[in-house]
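Visitor:
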Amino acid sequence: MRSFYHYMMRYRGMKKPTLESRLADWMFSDHDFPKQSTSYNEISSYLEWNIPFTEASQVFDRLWDEYQTNEV
Numbered sequence: 008m009r010s011f012y013h014y015m016m017r018y019r020g021m022k023k024p025t026l027e028s029r030l031a032d033w034m035f036s037d038h039d040f041p042k043q044s045t046s047y048n049e050i051s052s053y054l055e056w057n058i059p060f061t062e063a064s065q066v067f068d069r070l071w072d073e074y075q076t077n078e079v
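For the sequence shown, our numbering begins at 8 and goes up steadily by one.
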């Protein structure tokens, strides 16, 4: 299974930024983001301590559900 980070890279670099692309771009540029993780708790905890924008947690939860559906 691909890591959540690799799943999110599909949203990176949009010409017209969306909440999804903002999160993906931030994950790409954050060198400490757990890029190999497939753990909801690990990524969610990291976001709680390093939240890049207000809606990031809600976007993450929605995209995590999509990730689980498409990758597992």
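We treat Cβ as the ideally placed atom computed from N, Cα and C, and that holds for glycine. Treat the numbers as computed from the prediction; the structure is a model and nothing was measured.
Taking the straight line between their C-alpha atoms, what separation do you get for Asp-72 and Tyr-12?
Guide: Cα to Cα, the separation comes out at about 14 Å.
Visitor: If you reduce the DSSP assignment to three classes, tell me which class Met-8 lands in.
Guide: The answer is coil: DSSP assigns Met-8 none of H, G, I, E or B.
Visitor: Classify Met-15 as helix, strand or coil using the three-state DSSP reduction.
Guide: Reduced to three states, the DSSP call for Met-15 is helix.
Visitor: How far does the alpha helix (DSSP H) with Glu-73 in it reach, from first residue to last?
Guide: Glu-73 -> alpha helix (DSSP H) spans 63-78.
Visitor: Determine the direct distance from the alpha carbon of Val-66 to that of Ser-51, and round the result to whole angstroms.
Guide: For Ser-51 and Val-66, the distance between alpha carbons rounds to 11 Å.
Visitor: From Ser-7 to Met-8, what distance separates their C-alpha atoms?
Guide: Because the chain in this structure spans residues 8 to 79, residue 7 falls outside the shown range and cannot be described.
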